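Peer 1:
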C-alpha cells in the first residue's frame, strides 16, 4: 500500500499550484477564468452554459437550405463523434471483438466517399453496406436503418460540400478471425437488425422524439444492454449498459434506477449544458455527445427527446439511485469564493487542518482545489460541482470508481481535464476517496467500497458475450463439422450410386 503520510504533508497552497499546473491553459480572453486565477471578486453569473442552442460552426449562409439542413442532421446524428470534426476518421471504437477505427467520410475520391452515389450512401447508412465491403455495427446503421429519405438526402448533399481530406486515417481496422471476414455481418444483420416501430399512444412531439432517440441520435447504442450475439436486448431497451469501464445509465422513466425523477426541463438542460444542479454531470462518452451534438440541437428537438424519454416503458434495474437527501449535503461556503483564489487557498488550508478521516484528507489534497472543499466547484472556470449528482447516489459505485481512477478527458481542449489517480493513489486510498465523496457529496448514509472493489473494477475481465468471446475456435469447430458433414454426404452418395 502506498504510504498516506506524505500526502497529508502537502500544504494546501502547493496542492492548488500543482493542480493548476496539471490542466491545459485556458483562453486568456475568458473574463471568468481571469477572475478566478487573479482572485477578483466579480459579480458574474454562476454558470456560463448557454440557454440557447450553440451556433453550429458548419452552418454556411452561402450554401443551399438542403446543405445546411444536412449539416444540422450531422449534428443530430453525432457523425463527428467518431469521424472527427473534419470527418477524416480515425477515432478508435473499442468493441468486444477488437478495435474498430472510423473511416474517412469526406468527398475524397481515393480515401473517402467521393465516388459514392446517393444510393451508395443510403446503403451504408441503413444497411451497413458500402460499394466494396460490409460495415461493422460500430457505425450505428442498425439505428440509422429508419432514417428518413429527406434526412439522408440532406446529409449526402452536405458531405459533398465539406473539404476533402486526401489521406487515410492513421489506423485501419484489423479484427481477429472470424470477424475479419466482413460477410459475417450478413448473418449478424439478419439476427440483430432492429425492427423499428412507432409506439402506440404517442403524440406528434413524442413521435418525433422517438425518431431522434431511436434512430438519428442512436441513444440505444450506449444505453441498451446487448444479447449473446451483441445485438440489442430490446426487452431492456434504454435500461443502461457498460461501455468498457464506463456505465451508460438507465434512461427510462423508472423512479428508482432511471430518470423518473427528472422533469422534461431537466432533460433539456442536461442535453444542452451537460449538467443539472445536484443531479448529474455529463462525463466520459456522454460528455462527447453533449459537446459534439446535443448542445447544437433546437429547443424543438430537445423538447421532443425529453417528452419521448418520459413516455418510454419504465424498466427497473438493480442499479438503484438513492433520492437526494438535501439535509445531508454540505452548504456552499461562499458564492464569491468561486472568483477568489486566495480565499479558496485559505479555506482549503483550514479544512485540511481539521480533516477527520484519511478519505477527507485525500480529497482535500487531491480534489478540493478544483471541486472545492464543499464540492461546489468553480462552474465558470469549468470545474464541475459534484454535490448531489446521481453518480454519487448510485448503489453501484462503479461510475465513481471509474472517474477517480481514470479521470475525465473533456472534449474541448480549452476545458479543464480531470486527471485519473490509478497511478498516483493506491487501491486503498482510492477507496477512501470514493467513500468520502459518496457520503459527503452524495448524501449516502454509508459507503463501504474496499480496495478489493477498486482492484476488481480496474481489472475487470472481458464482459463480452460467450459467442463473441469464443467466436474464433467456435468458427473453426463449425468449419471442421461442416467438412465432416460434406465428407459423409459425398460418401453416402457414392455408396448409393454403387
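Numbering (UniProt numbering), first residue to last: 1 to 498.
Yeah, the Cβ is synthetic: ideal placement off N, Cα and C, and Gly gets one too.
Predicted model, so just to flag it, every value in this text is computed and none were measured.
1) Between which two residues does the alpha helix (DSSP H) containing residue 400 stretch?
2) I'd like to confirm the pairing. Which residues does DSSP put opposite residue 232 in its beta bridges?
3) From the DSSP secondary-structure annotation, give me the bridge partner or partners of residue 99.
4) Does the distance from the CB of residue 447 to the CB of residue 280 come in under 8 Å?
5) Are there three or more Cβ pairs, one per stretch, closer than 8 Å when the region 303-315 is compared with the region 253-264?
6) Suppose you measure from the CA of residue 160 to the CA of residue 243; what does that come to, to the nearest Å?
7) Here's a check: name, in chain order, each residue in its chain whose Cβ is nearer than 7 Å to the Cβ of residue 284, leaving out the five neighbours to either side.
8) Confirm, please, whether the CB-CB distance from residue 128 to residue 185 is below 8 Å.
9) Less than 6 Å between C-beta atoms, sequence neighbours within five positions excluded: which residues of the same chain meet that for residue 146?
10) Return yes when the Cβ of residue 434 is within less than 8 Å of the Cβ of residue 400, no when it is not.
11) Would you call the CB atoms of residue 229 and residue 180 closer than 8 Å?
12) Under a Cβ-count criterion, where at least 16 other Cβ atoms within 10 Å of its own Cβ denotes burial, should residue 479 be classed as buried or exposed?
13) With a CB to CB cut of under 6 Å and the five nearest residues on each side skipped, what residues in its chain are close to residue 49?
14) Since I believe residue 287 is in contact with residue 80 (beta carbons under 8 Å), could you give me their beta-carbon distance rounded to a whole number of angstroms?
15) On the premise that residue 78 lies in contact with residue 289, defined as a C-beta separation below 8 Å, what is that separation, rounded to the nearest angstrom?
16) Once you ignore the five residues that flank residue 208 on each side, which residues in its own chain have a CB closer than 6 Å to its CB?
17) To the nearest angstrom, how far is it from the Cα of residue 423 to the Cα of residue 432?
18) Just how far apart, CA to CA, sit residue 134 and residue 296?
19) Taking residue 148 as the reference, which of 138, 123, 139, 167 has the closest Cα?
20) Quick one, which of 317, 248, 166, 204 has its alpha-carbon nearest residue 222's?
21) Express the C-alpha separation of residue 357 and residue 299 in angstroms, rounding to a whole number.
22) Along the chain, where does the beta strand (DSSP E) that runs through residue 242 open and close?
23) Please report the distance separating the alpha-carbon of residue 95 from that of residue 456.
24) Are there 16 or more other CB atoms within 10 angstroms of the CB of residue 177, so buried, or fewer, so exposed?
25) Spatial neighbours of residue 25 within its chain, please: CB distance less than 8 Å, with the 5 preceding and 5 following residues excluded, ordered by chain position.
26) Do you know how far the Cα of residue 375 is from the Cα of residue 104?
27) Could you pull the start and end residues of the beta strand (DSSP E) that residue 247 belongs to?
28) Rounded to a whole number of angstroms, what is the C-alpha to C-alpha distance between residue 232 and residue 194?
29) When burial is assigned at 16 or more other CB atoms within 10 Å of the CB, is residue 395 buried or exposed?
30) In the structure shown, what three-state DSSP assignment does residue 349 receive?
31) Can you find the residues in the same chain that come closer than 6 Å, C-beta to C-beta, to residue 156, ignoring five residues on each side of it along the sequence?
32) Under a Cβ-count criterion, where at least 16 other Cβ atoms within 10 Å of its own Cβ denotes burial, should residue 438 be classed as buried or exposed?
33) In its own chain, which residues sit with a C-beta less than 8 Å from the C-beta of residue 322, not counting the 5 before and 5 after it?
34) Per DSSP, what kind of secondary structure is residue 59 in: helix, strand or coil?
35) Got a sec? Which residues, its chain only, sit under 8 Å from residue 255 by beta carbon, not counting five neighbours each side?
36) Quick one: Cα of residue 397 to Cα of residue 403, how far?
Peer 2: Well, looking at it:
1) Membership of residue 400 in the alpha helix (DSSP H) is indicated by the continuous run 398-406.
2) DSSP lists 226 as partners of residue 232.
3) Paired residues: 94.
4) Not a contact, by the Cβ cut-off of 8 Å.
5) Short answer: they touch.
6) Going by the C-alpha atoms only, they are around 33 Å apart.
7) 246, 408.
8) A contact, by the Cβ cut-off of 8 Å.
9) Only 196, 215 meet the Cβ criterion.
10) Closer than 8 Å, so yes.
11) Against a cut-off of 8 Å, the Cβ pair of residue 180 and residue 229 comes out as no contact.
12) Residue 479 comes out exposed.
13) In this prediction, residue 49 scores a pLDDT of 40, lower than 50, which makes its location untrustworthy; the coordinate-derived value is nonetheless stated afterwards. Around residue 49: 273.
14) Not a contact, Cβ separation roughly 14 Å.
15) Taking 8 Å as the upper bound for CB-CB distance, residue 289 and residue 78 are in contact here, some 6 Å apart.
16) Excluding sequence neighbours, residue 208 sits near 304.
17) In a straight line, the C-alpha of residue 423 is about 16 Å away from that of residue 432.
18) Their Cα atoms are separated by approximately 31 Å.
19) Considering only alpha carbons, the answer is 123.
20) Considering only 317, 248, 166, 204, the residue with the shortest C-alpha distance to residue 222 is 248.
21) Answer to the nearest angstrom: the Cα atoms are 46 Å apart.
22) Membership of residue 242 in the beta strand (DSSP E) is indicated by the continuous run 241-243.
23) So the two alpha carbons sit approximately 20 Å from each other.
24) Residue 177 counts as exposed, since fewer than 16 other beta carbons sit within 10 angstroms of its beta carbon.
25) Only weak support is given to the placement of residue 25: the predicted model assigns it a pLDDT of 34, under 50, and the question is left unresolved by the model.
26) Across the structure, residue 104 and residue 375 are spaced so that their CA atoms are roughly 42 Å apart.
27) Residue range 246-248 is occupied by the beta strand (DSSP E) that includes residue 247.
28) In this structure, the straight-line span from the alpha carbon of residue 232 to that of residue 194 is close to 8 Å.
29) Burial call: exposed.
30) Residue 349 sits in a helix when the DSSP states are folded into three classes.
31) Excluding residues within five positions, the ones whose Cβ falls inside 6 Å are 118, 121.
32) By the 16-neighbour rule on beta-carbons within 10 angstroms, residue 438 is buried.
33) Cβ within range, chain order: 393, 394, 395, 442, 443, 444.
34) In this structure, residue 59 counts as coil in the three-state DSSP scheme.
35) Shown here for residue 255: same chain residues with a beta carbon closer than 8 Å to its own, the five before and five after excluded, namely 261, 314 in chain order.
36) Approximately 10 Å, taken between the alpha carbons.
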